[in-house]
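Quick note, the sequence shown lines up with residues 5 to 357 if you use the working numbering. Ideal Cβ placement from N, Cα and C applies to all residues, glycine included. Here the structure is a predicted model, which means the values were calculated and not measured.
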Amino acid sequence: GSFCHLDQTNKTITLSELKDELGHRILPERQVSYDYLVLAIGSVSNDFNTPGVNKHCFYLDSNQQAERFQHALLDNFTRLHQDDDPQHSLTIAIVGGGATGVELSAELYHVSDMLKMYGLNKMTAKRLHIDLIEAGPRILPALPERIANSAKRELVKLGVTVREGTQVKEATENSFITKNDEHIKADIMVWAAGVKAPDFIKDIGIFELTRNNQIKVNQYLQSSVNDDIFVIGDCCAFTLEDGTQVPPRAQSAHQMAQCVEKNLIATLKNQPLSAFTYSDHGSLVNLSRYSTVGSLMGNLTSNSFFIEGKIARFMYISLYRMHQRAIHGSAKTFALWISEKVLRVVRPKMKLH
Numbered sequence: 005g006s007f008c009h010l011d012q013t014n015k016t017i018t019l020s021e022l023k024d025e026l027g028h029r030i031l032p033e034r035q036v037s038y039d040y041l042v043l044a045i046g047s048v049s050n051d052f053n054t055p056g057v058n059k060h061c062f063y064l065d066s067n068q069q070a071e072r073f074q075h076a077l078l079d080n081f082t083r084l085h086q087d088d089d090p091q092h093s094l095t096i097a098i099v100g101g102g103a104t105g106v107e108l109s110a111e112l113y114h115v116s117d118m119l120k121m122y123g124l125n126k127m128t129a130k131r132l133h134i135d136l137i138e139a140g141p142r143i144l145p146a147l148p149e150r151i152a153n154s155a156k157r158e159l160v161k162l163g164v165t166v167r168e169g170t171q172v173k174e175a176t177e178n179s180f181i182t183k184n185d186e187h188i189k190a191d192i193m194v195w196a197a198g199v200k201a202p203d204f205i206k207d208i209g210i211f212e213l214t215r216n217n218q219i220k221v222n223q224y225l226q227s228s229v230n231d232d233i234f235v236i237g238d239c240c241a242f243t244l245e246d247g248t249q250v251p252p253r254a255q256s257a258h259q260m261a262q263c264v265e266k267n268l269i270a271t272l273k274n275q276p277l278s279a280f281t282y283s284d285h286g287s288l289v290n291l292s293r294y295s296t297v298g299s300l301m302g303n304l305t306s307n308s309f310f311i312e313g314k315i316a317r318f319m320y321i322s323l324y325r326m327h328q329r330a331i332h333g334s335a336k337t338f339a340l341w342i343s344e345k346v347l348r349v350v351r352p353k354m355k356l357h
């Protein structure tokens with residue numbers, strides 16, 4: 005069931021009723037008591053109340069949304085394959101030049117190149133056009149400029165039209181309308197511009213929130229209104245010494261989780277709590293099979309160094325394996341790696357349903 009209510013006085017959370025695909029109730033609404041609560045509810049796409057976005061755009065916040073996007077993509081690929089006019093193309097517009105928008109743009113070109121393996125040989129990358137729209141002065145605004153420039157070069161080389169400094173004010177059925185009243189037409193429209201904590205946090209009416217619904221916390225990652233409630237990840241608003249907030253990244257959530265683990269143990273033992281400190285270890289952006297770029301922070305210096313190509317790709321894969329190891333342990337991670345190598349021989353390279 006979904007988390008829908010919090011009673012901090014009685015220390016209970018409420019889970020909404022659970023239904024099957026036909027709407028039949030599996031479990032009723034119920035309450036779960038707690039001594040200490042850790043909120044790690046993540047984030048959702050932020051449409052900034054832009055008219056038409058909810059109705060006409062795809063989000064990529066959940067598996068269900070990703071599957072809807074995949075089905076629409078394959079339907080359009082199939083439709084275009086039956087069109088013998090080589091001048092006709094599939095146009096996809098993506099709003100948001102962060103890591104999600106950049107990586108998705110590259111991956112879509114990779115997918116279009118693979119379609120010939122499944123009989124859709126008329127649908128090639130030459131018949132795919134992508135507009136990547138970023139409101140800020142450059143894509144990947146949270147990363148060093150050198151990474152952004154390198155990623156942009158790769159995207160342009162693939163055929164992506166990168167529109168920087170372009171603010172969208174409305175979405176219609178088949179186009180984005182910019183602040184300058186330009187209509188960017190598209191067959192498929194994706195919204196990947198910014199994140200916010202889920203709206204129901206605001207409805208609970210307990211926490212101090214930022215404008216993005218993130219929960220304000222103290223130095224120990226306890227909510228500012230209740231020391232028994234810890235908050236980590238994208239829904240957490242932790243302010244650094246320079247006045248900025250910890251960015252909503254995987255490494256931030258990982259470091260927060262380690263801090264809360266220590267503080268929960270310290271609380272149970274009546275020991276002093278540890279203040280959270282954030283360390284930026286760098287960032288990596290994977291441009292499908294074409295390239296990987298990023299920056300890493302050195303242990304002996306505060307300066308970052310730029311990496312790209314095979315080294316960056318190796319680091320990207322290593323981070324994924326480290327994530328698996330944190331969840332499954334070393335033995336199971338190794339077994340998963342072996343099974344992936346074996347299944348690669350028999351499984352299709354692209355999921356078609």
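Exposure of residue i, with buried meaning 16 or more beta-carbon neighbours within 10 Å
i, result
"residue 233", "buried"
"residue 31", "exposed"
"residue 348", "exposed"
"residue 335", "exposed"
"residue 339", "exposed"
"residue 34", "exposed"
"residue 141", "exposed"
"residue 49", "buried"
"residue 247", "exposed"
"residue 160", "exposed"
"residue 317", "buried"
Whole-angstrom distance between residue j and residue i, CA atom to CA atom
i, j, result
"residue 297", "residue 79", "32 Å"
"residue 304", "residue 286", "At residue 304 the pLDDT is 38, less than 50, meaning the model places this residue with poor confidence and gives no usable figure here."
"residue 23", "residue 29", "4 Å"
"residue 8", "residue 242", "23 Å"
"residue 358", "residue 132", "Past the boundaries of the shown model lies residue 358; the chain is included only from 5 to 357, so the question cannot be answered."
"residue 201", "residue 88", "46 Å"
"residue 177", "residue 46", "29 Å"
"residue 118", "residue 5", "38 Å"
"residue 91", "residue 188", "18 Å"
"residue 167", "residue 99", "10 Å"
"residue 76", "residue 137", "20 Å"
"residue 93", "residue 332", "43 Å"
"residue 272", "residue 346", "46 Å"
"residue 330", "residue 260", "14 Å"
"residue 108", "residue 67", "15 Å"
"residue 72", "residue 148", "33 Å"
"residue 282", "residue 258", "10 Å"
Integer-rounded CB distance, given that residue j should sit under 8 Å from residue i
i, j, result
"residue 288", "residue 319", "6 Å"
"residue 139", "residue 170", "7 Å"
"residue 195", "residue 63", "6 Å"
"residue 210", "residue 26", "No, residue 210 and residue 26 are not in contact; Cβ-Cβ is about 35 Å, not under 8 Å."
"residue 226", "residue 239", "Not a contact, Cβ separation roughly 14 Å."
"residue 294", "residue 103", "About 15 Å separates the two Cβ atoms, so there is no contact after all."
"residue 152", "residue 162", "About 16 Å separates the two Cβ atoms, so there is no contact after all."
"residue 51", "residue 57", "4 Å"
Proximity of residue i and residue j at Cβ, strictly below 8 Å
i, j, result
"residue 323", "residue 311", "no"
"residue 61", "residue 146", "no"
"residue 199", "residue 212", "no"
"residue 186", "residue 291", "no"
"residue 164", "residue 134", "yes"
"residue 235", "residue 43", "yes"
"residue 54", "residue 206", "no"
"residue 155", "residue 106", "yes"
"residue 254", "residue 190", "no"
"residue 193", "residue 204", "no"
"residue 82", "residue 124", "yes"
"residue 59", "residue 37", "no"
"residue 40", "residue 268", "yes"
"residue 85", "residue 130", "no"
"residue 223", "residue 270", "no"
"residue 351", "residue 337", "no"
Where residue i sits in the DSSP three-state scheme
i, result
"residue 291", "strand"
"residue 165", "strand"
"residue 303", "The pLDDT assigned to residue 303 is 44, lower than 50, so where the model puts this residue is not dependable, and the model offers no usable value."
"residue 174", "strand"
"residue 207", "helix"
"residue 264", "helix"
"residue 298", "strand"
"residue 237", "helix"
"residue 127", "coil"
"residue 117", "helix"
"residue 105", "helix"
"residue 79", "helix"
"residue 19", "strand"
"residue 230", "strand"
"residue 215", "coil"
"residue 73", "helix"
"residue 258", "helix"
"residue 187", "strand"
"residue 9", "strand"
"residue 349", "helix"
"residue 192", "strand"
"residue 329", "helix"
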